[in-house]
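Number of protein chains: 2
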Amino acid sequence: MPKSSELKATIYDVAELAGVSLKTVSRVINKEPNVRGSTRDKVHKAIEQLQYQPSPSARGLAGSKSFLIALLYSNPSSSYVTRAQQGALEACGAEGFGLLIQPCDYQSPDRVGELLHRLKESRVDGAILTPPLSDNPQLQQRLADENIACVCVAPRTGEQGGLSVCCDDERAAQQITEHLLAQGHSRIGHILGHPDHSVSQQRLRGYERALLAQGFEVDRSLIQQGRFDFVSGKQCAEELLDLSQPPTAIFASSDDMACGALVAAHERGLKLPGQLSVVGFDDSPQAAQCWPALSTVRQPISEMVSSAARLLIGELRKQPPDDIQSTFQCQLHLRDSVSPPE
Amino acid sequence: MPKSSELKATIYDVAELAGVSLKTVSRVINKEPNVRGSTRDKVHKAIEQLQYQPSPSARGLAGSKSFLIALLYSNPSSSYVTRAQQGALEACGAEGFGLLIQPCDYQSPDRVGELLHRLKESRVDGAILTPPLSDNPQLQQRLADENIACVCVAPRTGEQGGLSVCCDDERAAQQITEHLLAQGHSRIGHILGHPDHSVSQQRLRGYERALLAQGFEVDRSLIQQGRFDFVSGKQCAEELLDLSQPPTAIFASSDDMACGALVAAHERGLKLPGQLSVVGFDDSPQAAQCWPALSTVRQPISEMVSSAARLLIGELRKQPPDDIQSTFQCQLHLRDSVSPPE
DNA sequence: TTGTATGCGTTATCAT
DNA sequence: ATGATAACGCATACAA
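Which chain is which? The protein sequence lines are E and H, in order.
Quick note: my numbering has the first sequence finishing at residue 326, numbered continuously throughout.
Quick note: my numbering has the second sequence finishing at residue 326, numbered continuously throughout.
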């Protein structure tokens, strides 16, 4: 029974057991070059034998790095958050970094100071910004001022300087609108996401492009301003259904809002999807659990954030990045909430 | 514009500016006794002026503590996870600790070794165990072996030695069953949670006690074994609805399963809640977003975990705990999924 | 390719 | 009540 009551092995112990100097051990730990294969093996053996694990505190102190990165988010969707965390953890685990999670309220500018205080306090080496925080240039500037590296997970705007990973929201929005069109819908309503989130505009553009490409006009009365949440989605859907010529299908910019539309339709006794088709965006858990199950779009959030974390860590290690920016593709998940209009 | 290009202030700088010794500053920072009030003030002033923040690395190295605690979970519900994180973060922020999140698979016993490796690697001082990990005595033993303090967030079993916070699931389950009874239901089905989670048994007991207290028998054919997730809930509901004498109401041990029951009923064209009343447990986001909106039970997860974290940190500071164990109350959230049977 | 000396910013030990 | 000094475990020049 290996009761770990013995004191932690240090780099000295390893050096002694391997019969080399402290510095050599340090070299193999940090994968520096200029170490003979045979000595490298000796050291590895000693590390194994002693179950040696370098002390983060000592490394941090000596190297003035913390090997910590922060994941910043301001997103009401818990499934989005956990998927992002999953990606970040995966990368951090593989790269030997620790992850600090940092929820924050993107709206209160006075709190950006508070946020920075926390980040400085924990001495993180870098930060991952997820939407809508990645839309905030001021925050990025402040981070730069504090010498905290950062990477953005953001919709593709095409004009970003720093590290970022993107997702082609516009294209996905266009595709799912085309799906509605292909089923024979021509009056398609759209419920916008929160006005402060740049993705909302991207998804609107996709919607518009799909219509235009098929020769349809964009009818502004079919477009309602939502805020990504269930309640706003329900309200907007009610507005649309109250129209003298209501749409036969609705594309909501989030699943939460799409659920709201579903409920609004149910409450009016509409047959779904026959009398109203609905599609969402996010592939949240409720998309699969509502009735009828929602057709929606899935972003590879975990992969995006994982990739972002690796980009960031590479930067921290001063490795030249392969690509300063990479783009991921969304995927349509077609379920039961769409049919041809009756 | 305070560009933080100047080097970080150290404890030396503070000592010099305050005109005291390094050790005295240390005392003030760590709230040790034996410091005159006036000198304490001087030091605080200097800290303020220099915007001094102690280095976690240096503190960790010198004191062989990391001021980090881990939040361990193995829970498929992202809303549960984020609520738990919220509570943990709140406490850690207030107490000056860092939080490392640690998802894990409770089923694979070989991975408990892997988990411990990660915890040792990050040198956490303690860990918070959430259900179902808090049901695993082996894990707790291993943590103790590694000298990692721990606190459990668990259902009330009444016979726990260590630190823990509990929630009275049984009582809440009884209450929501009583709610169904009060509406006139007598044939009430129950969908059990995952068999490995001790809460499942607690909630079953609450269900049984409510029936027994009103003079009803517990009909085993009305009890189905679920696994907390949507799919199992739907399957179990189908079994129940296939009965020659189907129940007029279903109490599912989770909202995910309750949603499954809702969908099963919708698919059969049942009128809800008229022909089938359904209640869940958790107050997950979908509870409010499905149709009809679910009546359910809300645990104060954030508060429980926050309290657990404070308990743990107190232990790490060797403060005598006020109570080694505290119990929280659940709350019923009544919505639209219950009516008298038609 | 390998080793030596020094310092990182704090806590802990022992004084005074 | 306060202070001097030695760890803590590692990285980083700089040598050899």
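A virtual CB, placed ideally from N, CA and C, is assigned to each residue, including glycine.
Model, not experiment: these values are computed from the prediction.
Taking residue i as the reference, give the member of the options with the closest Cα.
| i | options | result |
| --- | --- | --- |
| phenylalanine 312/E | Leu295/E, Met288/E, Pro305/E | Met288/E |
| histidine 250/E | Gln229/E, Ser279/E, Asp109/E, Ser321/E | Ser321/E |
| leucine 316/E | Tyr(-4)/E, Gln270/E, Asp266/E | Asp266/E |
| leucine 164/E | Ile234/E, Pro276/E, Ile297/E | Ile234/E |
| arginine 43/H | Gly77/H, Phe81/H, Leu196/H, Glu32/H | Phe81/H |
| serine 228/H | Arg171/H, Gln198/H, Arg189/H, Ile(-5)/H | Arg171/H |
| leucine 297/H | Asp109/H, Cys274/H, Gly47/H, Gln91/H | Correcting the residue type first, residue 297/H is isoleucine in the shown sequence and not leucine. For isoleucine 297/H, the nearest C-alpha among the options comes from Asp109/H. |
| glutamine 158/H | Thr280/H, Thr(-6)/H, Arg95/H | Thr280/H |
| tyrosine 57/E | Lys7/E, Gln167/E, Ala138/E, Ser106/E | Ala138/E |
| valine 290/E | Ile207/E, Ser148/E, Arg126/E, Trp275/E | Note on residue identity: the sequence assigns serine, not valine, to residue 290/E. Closest option to serine 290/E, Cα to Cα, is Ser148/E. |
| isoleucine 132/H | Gly71/H, Phe51/H, Val202/H, Pro116/H | Phe51/H |
| glutamine 185/E | Gly168/E, Glu326/E, Arg211/E | Arg211/E |
| serine 261/H | Pro324/H, Lys(-8)/H, Leu99/H | Pro324/H |
| valine 12/E | Leu295/E, Glu0/E, Ile31/E, Ala156/E | Ile31/E |
| glutamine 219/E | Ala236/E, Ser106/E, Arg204/E | Ala236/E |
| leucine 206/E | Leu196/E, Pro231/E, Gly199/E | Pro231/E |
| leucine 176/E | Ala272/E, Ser39/E, Asp240/E, Leu45/E | Asp240/E |
| leucine 278/E | Gln37/E, Ala242/E, Arg301/E | Ala242/E |
| glycine 253/E | Trp275/H, Val263/H, Ser5/H | Trp275/H |
| glycine 97/E | Gln124/E, Pro116/E, Ala75/E | Gln124/E |
| cysteine 134/E | Leu103/E, Arg155/E, Ile160/E | Leu103/E |
| tyrosine 36/H | Ile(-5)/H, Asp306/H, Leu100/H, Lys7/H | Ile(-5)/H |
| glutamate 105/H | Gly217/E, Pro38/E, Arg301/E | Pro38/E |
So which residues of chain E does residue i contact, with C-beta pairs closer than 8 Å?
| i | result |
| --- | --- |
| leucine 272/H | Note on identity: in this sequence residue 272/H is alanine, with leucine being the wrong assignment. The answer, in chain order, is Phe214. |
| isoleucine 329/H | Residue 329/H lies beyond the range of chain H shown here (-15 to 326); nothing can be said about it. |
| serine 50/H | Pro40, Ser41 |
Would a check of beta-carbon distances place residue i closer than 8 Å to chain E?
| i | result |
| --- | --- |
| lysine -13/H | Its pLDDT being 40, under 50, lysine -13/H is placed unreliably in this model, and the value from its coordinates should be taken loosely. Taking Cβ atoms only, chain E reaches closer than 8 Å to lysine -13/H, which makes this a yes. |
| cysteine 134/H | no |
| threonine -6/H | no |
| serine 5/H | no |
| threonine 348/H | Nothing can be reported for residue 348/H: it is not among the residues displayed for chain H, which extend from -15 to 326. |
| cysteine 314/H | no |
By DSSP's criteria, residue i is part of a beta bridge. Which residues make up the other side?
| i | result |
| --- | --- |
| leucine 316/H | Val281/H |
| histidine 181/H | DSSP, once it has assigned bridges, lists no residue as partnering histidine 181/H. |
| proline 136/H | According to the sequence displayed, residue 136/H carries cysteine and not proline. The partner list for cysteine 136/H (beta bridge, DSSP) reads Leu113/H, Ser148/H. |
| valine 263/E | Phe235/E, Ser279/E |
| tyrosine 57/E | Pro87/E |
| glycine 173/E | Ile234/E |
| serine 106/E | BP columns for serine 106/E are empty, so no partner. |
So which residues on chain H does residue i lean against when the C-beta distance must stay under 7 Å?
| i | result |
| --- | --- |
| cysteine 88/E | Those within 7 Å of cysteine 88/E in chain H number zero; the least Cβ separation is about 11 Å. |
| glutamate 105/E | Gln37 |
| cysteine 151/E | In chain order: nothing, as chain H lies at least about 19 Å away. |
Is there at least one Cβ from chain H nearer than 8 Å to residue i's Cβ?
| i | result |
| --- | --- |
| serine 333/E | The structure shown does not extend to residue 333/E, since chain E is modelled only from -15 to 326, so the question has no answer here. |
| serine 323/E | no |
| proline 327/E | What the structure shows of chain E is the stretch from -15 to 326, and residue 327/E is not part of that stretch, so it cannot be assessed. |
| aspartate 240/E | yes |
Along chain E, which residues have their Cβ under 7 Å away from the Cβ of residue i?
| i | result |
| --- | --- |
| glycine 44/H | Ser41 |
| histidine 250/H | Trp275 |
| serine 261/H | None at all; the shortest Cβ gap to chain E is about 16 Å. |
| cysteine 243/H | Gln273 |
Find the residues of chain H that neighbour residue i, judging by a C-beta separation of less than 8 Å, and give them in chain order.
| i | result |
| --- | --- |
| leucine 246/E | Trp275 |
Taking 7 Å as the cut-off, does the CB of residue i come closer than this to any heavy atom belonging to the ligand PLP?
| i | result |
| --- | --- |
| isoleucine 297/H | This structure lacks the ligand PLP; in fact it carries no ligand of any kind. |
- [ ] Evaluate the contact criterion for the stretch 57 to 73 of chain H versus the stretch 59 to 74 of chain E: three or more CB pairs, one atom per stretch, below 8 Å.
- [x] yes
Task: Stretch-stretch touch, CB-based, cutoff 8 Å, three pairs: the stretch 190 to 201 of chain H with the stretch 279 to 294 of chain H - done: no
- [ ] Decide yes or no for the touch test of the stretch 264 to 278 of chain H against the stretch 74 to 92 of chain H: beta carbon pairs closer than 8 Å, at least 3 of them.
- [x] no
Open item on the list: Pairs of beta-carbons, one from the stretch 81 to 101 of chain E and one from the stretch 16 to 27 of chain E, closer than 8 Å: are there three or more?
Closed with: no
- [ ] Tell me, please, whether the stretch 245 to 261 of chain H touches the stretch 97 to 115 of chain H by the rule of three or more beta-carbon pairs shorter than 8 Å.
- [x] no
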